[in-house]
Amino acid sequence: MTVHDLRTATTQTARATLAAVPGVPNWREDDILTRARRVAAVAAQHADAVDREARFPAEAIAAAKAEGLMGVLAPAALGGEGASHGEVVEVCYLLGQACASAAMIYAMHQVKAACVVRHGLGSHWHEAFIRRMVADQLLLASSTTEGRAGGNVRSSAAPVTYAGGRIGLERDASVISYGLEADALVTTARRAADAAPSDQVLLILDKADYTLTLTRTWETLGMRGTASTGFALKADADVAQIMPQPYEAIHAQSMVPAAHLFWGAAWAGVAASATERARRFIRKAARGAGGQLPPAAGYLTKAMASLRALRALLAGVLERYEAIQDDPEALAALDFQSAVNLLKVDVSELAVETVTAAMRATGLSGYRNDSEASLGRHLRDVLSAPIMINNDRILTNLAAASLVADLPQSIRN
Ligand SMILES: Cc1cc2nc3c(=O)[nH]c(=O)nc-3n(C[C@H](O)[C@H](O)[C@H](O)COP(=O)(O)OP(=O)(O)OC[C@H]3O[C@@H](n4cnc5c(N)ncnc54)[C@H](O)[C@@H]3O)c2cc1C
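When we follow my numbering, the leftmost residue of the sequence shown carries the number 235, and every step to the right adds one.
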C-alpha cells in the first residue's frame with residue numbers, strides 16, 4: 235500500500251476492514267461520538283475531584299483508552315479508523331463539557347497524533363509507532379516549552395546530539411502536561427549543536443527512551459488536572475525516531491491547525507457547559523417567580539450569542555482546513571496561517587466571554603463553590619485559554635503579516 239493509499243483510507247474503509255478482523259474488541263462496533271459520550275460521562279463524574287486534588291483524570295483517560303479513542307486518526311491500514319479532524323473536534327467539545335482537564339489532555343494527545351500520522355507515513359519506524367499507538371492505546375505528551383523561552387514553539391535551545399546511529403537530548407522542559415502519565419513523548423529540538431534555534435526537528439520518544447526529573451510544580455488556578463509540571467528531560471533514542479520532515483513544515487501543516495482546532499473545541503466545551511448551567515439556573519428562577527425572568531437573564535442571551543460565534547469560527551476554519559489539508563502550499567499560505575493563528579486568539583477570548591456572561595447570569599449562585607449552578611471551575615479552567623501560548627505573542631507575531639495582507643474586497647471571499 236502506498237503513502238497516498240494510507241492517507242486516503244476513509245473512516246468507512248477503516249470500519250469495514252476492522253469488522254473483518256476476528257478478535258477486535260467490541261468498542262469498534264460503536265461510532266466515535268457514541269464512545270466519546272461514554273467517556274464524557276466518566277469524565278464528568280470525576281471532574282470536581284480532579285480539579286480539587288489537582289490530579290491527572292485517570293478514570294477519563296482510562297475510559298478513552300478502553301473505548302479505543304486514542305488512535306482514531308491513524309489510517310485503517312495501520313489499525314486506526316481514519317477519523318477526520320472534524321470528528322476529533324467533536325470529541326474534544328464533548329469532553330470539554332464534562333471535564334476541561336480531560337478534554338485538554340485528549341486534545342494535546344491528538345495534536346501530537348495528527349503530526350505523527352500525517353508526517354510519519356512512509357517512515358518505517360514511525361509507521362510501526364502508529365500501529366503501536368493504536369494497538370496499545372498510547373497516550374502522547376508534548377514538549378515544546380523550554381527554559382525561559384516559553385511559548386515560542388518555533389525556537390529550540392537544546393540540540394540533538396548524534397553518535398553511532400543513536401541520538402541524545404537534554405532539555406529544560408519547563409512545562410509537560412501529564413508527563414509522568416504519558417506512554418510516549420513528542421518533542422521539538424534544535425536539529426544539531428551547530429544549527430540555528432529555528433532549525434528544528436520533531437522526535438518521538440518511547441517511555442523507555444527518556445527520564446524525567448521534576449523541576450517545577452503545577453499549582454495553578456485552573457486546568458489543574460493537566461498536571462503540567464516541569465522536568466529535566468534526558469533522552470537516548472534511535473536516529474530513526476526523528477520525523478523525516480523538518481519541524482517547520484510539520485508546524486505549519488499539522489501542529490498549529492490541529493492545536494488550535496482541538497484546543498478551541500475543548501474550550502468551547504467548557505463554554506457550552508457554563509452556558510447550560512446558566513440556562514438551568516434561569517429556568518428554575520423563572521419557574522419560582524411565576525414565569526418572570528430574573529434581571530440577569532440577558533446575560534444568558536449574551537452567553538448563547540458568544541458561544542454561537544465561537545462555534546461558527548471553529549466550524550469555518552475546520553471546513554477550510556479539511557478542504558486544503560492535502561495541499562501543503564495552501565496550508566502554508568499567509569491567508570490560511572493568519573486565519574488559523576487568529577482562531578486561537580478569537581476562540582480563547584470568546585470562551586472566556588461566554589463563561590463570564592454565564593457567571594453574570596447566575597449571580598451569587600454561580601459564584602458559590604457549593605451550588606449546582608457553580609461556575610468557579612469553568613471560569614478558572616477557561617482563563618487558561620488566552621495564556622496557553624499567550625494571545626499577545628500570537629497577535630504580535632501576526633502584526634508583520636497584517637501590514638502586507640490585502641484588504642478583503644468582499645464579505646464572503
Ligand atoms: C494548561 C496548559 C497546558 C500546557 N501544556 C504544555 C505542554 O504539555 N507542553 C509544553 O511544551 N507546553 C505546555 N504549556 C505551555 C505553553 O505551551 C506556553 O509555553 C505557555 O502558555 C507560555 O506561553 P507564552 O510564553 O506565550 O506566554 P507567557 O509566559 O504568558 O508570556 C507572557 C508574555 O511575555 C512574552 N514573553 C514571554 N517570554 C518571552 C521571551 N523569552 N521573549 C520575548 N517575549 C516573551 C510573550 O510574548 C507573552 O506575551 C501549557 C500551558 C498551559 C496553560
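Every residue, glycine too, gets a C-beta built ideally from N, C-alpha and C.
Being a predicted model, the structure only gives us computed values, none of them experimental.
Enclosing beta strand (DSSP E) for residue i [first to last residue]
{"i": "residue 376", "result": "374–377"}
{"i": "residue 404", "result": "400–410"}
{"i": "residue 424", "result": "418–424"}
{"i": "residue 397", "result": "395–397"}
Endpoints, the alpha helix (DSSP H) within which residue i is located
{"i": "residue 368", "result": "358–369"}
{"i": "residue 290", "result": "No alpha helix (DSSP H) holds residue 290; DSSP gives it neither H nor E."}
{"i": "residue 646", "result": "Looking at the DSSP string, residue 646 is not in any alpha helix (DSSP H), and its letter there is neither H nor E."}
{"i": "residue 323", "result": "319–332"}
Beta-carbon gap between residue i and residue j smaller than 7 Å
{"i": "residue 288", "j": "residue 277", "result": "no"}
{"i": "residue 401", "j": "residue 436", "result": "no"}
{"i": "residue 335", "j": "residue 459", "result": "yes"}
{"i": "residue 616", "j": "residue 585", "result": "yes"}
{"i": "residue 224", "j": "residue 547", "result": "Given a span of 235 to 647 for the chain in the structure shown, any question on residue 224 remains unanswerable."}
{"i": "residue 308", "j": "residue 302", "result": "no"}
{"i": "residue 418", "j": "residue 440", "result": "yes"}
{"i": "residue 383", "j": "residue 377", "result": "no"}
{"i": "residue 405", "j": "residue 467", "result": "yes"}
{"i": "residue 333", "j": "residue 270", "result": "no"}
{"i": "residue 505", "j": "residue 454", "result": "no"}
{"i": "residue 305", "j": "residue 368", "result": "yes"}
{"i": "residue 469", "j": "residue 373", "result": "no"}
{"i": "residue 429", "j": "residue 486", "result": "no"}
{"i": "residue 648", "j": "residue 519", "result": "Any answer about residue 648 is impossible in this case: the structure gives the chain only from 235 up to 647."}
{"i": "residue 627", "j": "residue 385", "result": "yes"}
{"i": "residue 317", "j": "residue 266", "result": "yes"}
{"i": "residue 297", "j": "residue 273", "result": "yes"}
{"i": "residue 420", "j": "residue 379", "result": "no"}
{"i": "residue 507", "j": "residue 331", "result": "yes"}
{"i": "residue 285", "j": "residue 611", "result": "yes"}
Expected contact under 8 Å - CB spacing of residue i and residue j to nearest Å
{"i": "residue 339", "j": "residue 412", "result": "6 Å"}
{"i": "residue 363", "j": "residue 438", "result": "6 Å"}
{"i": "residue 349", "j": "residue 462", "result": "At roughly 19 Å, the Cβ-Cβ gap does not stay under 8 Å, so residue 349 and residue 462 are not in contact."}
{"i": "residue 509", "j": "residue 592", "result": "5 Å"}
{"i": "residue 210", "j": "residue 595", "result": "The requested residue 210 does not occur in the structure, where the chain is confined to residues 235 to 647."}
{"i": "residue 456", "j": "residue 602", "result": "Between residue 602 and residue 456 the Cβ distance is about 17 Å, and since that is not below 8 Å, they are no contact."}
{"i": "residue 361", "j": "residue 312", "result": "6 Å"}
{"i": "residue 620", "j": "residue 644", "result": "31 Å between Cβ atoms; not a contact."}
{"i": "residue 416", "j": "residue 375", "result": "3 Å"}
{"i": "residue 490", "j": "residue 574", "result": "6 Å"}
{"i": "residue 422", "j": "residue 387", "result": "7 Å"}
{"i": "residue 728", "j": "residue 576", "result": "The requested residue 728 does not occur in the structure, where the chain is confined to residues 235 to 647."}
Minimum Cβ-Cβ distance from residue i to chain D less than 7 Å
{"i": "residue 536", "result": "The structure shown contains no chain D, having only a single protein chain."}
Check: residue i C-beta below 6 Å from any heavy atom of ligand 2
{"i": "residue 417", "result": "Among the ligands modelled here, namely ligand 1, ligand 2 does not occur."}
Measuring CB atoms only, is the region 512–528 touching the region 629–642, in the sense that at least three cross pairs come out at less than 8 Å? No, the region 512–528 does not touch the region 629–642.
Do the region 499–506 and the region 324–341 meet, that is, are 3 or more Cβ pairs less than 8 Å apart? The region 499–506 is in contact with the region 324–341.
Along the chain, which unbroken stretches of the beta strand (DSSP E) at least 3 residues long are found entirely within the region 440–525? Counting only runs of 3 or more, we get 444–450 and 463–472.
Check whether the region 342–353 and the region 475–489 are in contact - that is, three or more C-beta pairs closer than 8 Å. With contact defined as three or more Cβ pairs closer than 8 Å, the region 342–353 and the region 475–489 are in contact.
Tell me the start and end of each unbroken alpha helix (DSSP H) in the region 544–629 that is at least 4 residues and wholly inside, in chain order. With a minimum length of 4 residues, the continuous alpha helix (DSSP H) runs that stay inside the region 544–629 are 562–566, 568–601 and 610–616.
How do the region 601–617 and the region 548–556 stand: do at least 3 beta-carbon pairs fall below 8 Å, yes or no? Contact between the region 601–617 and the region 548–556 is absent: fewer than 3 CB-CB pairs across the two stretches fall below 8 Å.
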